[in-house]
DNA sequence: GGTTTTAACCCATAATTACCCACAAATCTA
DNA sequence: TAGATTTGTGGGTAATTATGGGTTAAAACC
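Residue numbers (the numbering used here), protein chains in the order written: chain A, -10 to 144; chain B, -10 to 144.
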């Protein structure tokens, strides 16, 4: 991992086969880092899809399983939700991934519609455009966010 | 980074392909520092574009992501807004960068219009000329601003 | 076991972007 | 001041990218 820097926002179509393009810059980063496989999963909170390049998935998985106590009910529930909707997939020769019906449903992504892909530095998110807009409207950056920023040394 | 010293104010045109020239002195600094890539992003507060030479972007990104937890909803929301409008771009052979439609829209920069580029020591800002003038008129530095500044170490 | 469904692979094309060359204006140099 | 160089700007062309569809191979399903 290390130096991946997925940033920006891209709009792509979802075709009838549920294929979604991955931004070409992201693909370049992945080939540089010898990654041809990603894990797509339900986003932690809300209605979108997370896309983890395999190495990122592995570290995430390890962090979670390391601190996990199997006897703890909440932990078990979290683990179940975490893995349940996680699907490995490889890019096709045009650089696309195929979404599963379940994840599309969860994210409100419509067949033959569009998606927004957002870079989150070391992974990506896939959103239905309407859901994203709704979410942004509901979570604007507040003054207190910026106050927190100011507390960081030297930004 | 270290010694970059972007200063001054420049006026350039935006052509039909959304290309904007980078001041030649800035380009010289960048080649000296082996930087051929920048990240353009929505400015923190207002309606302009920030241009970070890649090393500056990396340090900024690292400071912001250092204290982030992926399982924290607020953190994720903040990270998303931070990266969403950040686009990597490389200078073309004439030393220009290409603005994205979204950032132009956010900054009020008109197709085929002009921009002002302002040096901010280790990064740059791109403004629509009218927006800049308006902003300057509305936000003169007051005495109380300077009092706050005085509380900062070593200015 | 045969049929239907599903997914991988390949090819085609339109749109977009990167790359290259050109030229006028400004700046530098001798 | 005159010539040479650099700088800002525009446009054409080749390459890349996004997207669609057809075909074969592999599952899944009676």
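Beta carbons: idealized from backbone N, C-alpha and C, even for Gly.
Query                                                                                                                         : Result
DSSP bridge partner residues for residue 52 of chain A (one or two, in chain order)                                           : Residue 52 of chain A is not bridged to any residue.
DSSP three-state assignment for residue 74 of chain B, whether helix, strand or coil                                          : coil
Residues that residue 58 of chain B contacts on chain A, provided the C-beta gap is smaller than 7 Å                          : Those do not exist, as residue 58 of chain B stays about 11 Å from chain A at its closest Cβ, beyond 7 Å.
Residues, ordered as in the chain, of the region 74 to 100 of chain B that lie near chain A by beta-carbon distance below 9 Å : 74, 75, 76, 77, 89 and 91
DSSP three-state assignment for residue 23 of chain B, whether helix, strand or coil                                          : coil
Residue closest to residue 14 of chain A, alpha-carbon to alpha-carbon, out of A:106, A:30 and A:117                          : A:106
Interface flag, residue -4 of chain A vs chain B, CB-CB below 8 Å                                                             : yes
Residue 1 of chain A versus residue 11 of chain A - alpha carbon distance                                                     : 8 Å
At least three beta-carbon pairs within less than 8 Å, the region 96 to 115 of chain B to the region 28 to 37 of chain B      : yes
Residue 5 of chain B versus residue 99 of chain B - alpha carbon distance                                                     : 10 Å
Chain A residues whose Cβ lies nearer than 9 Å to that of residue 70 of chain B                                               : 125, 128, 129, 130 and 134
Buried/exposed call for residue 18 of chain A, threshold 16 Cβ in 10 Å                                                        : buried
CA-to-CA distance, residue 68 of chain A to residue 87 of chain B, given in whole angstroms                                   : 44 Å
CB contact flag (residue 53 of chain A, residue 54 of chain B, <8 Å)                                                          : no
Per-residue burial, residue 73 of chain A [other beta carbons within 10 Å of its own, 16 or more giving buried]               : exposed
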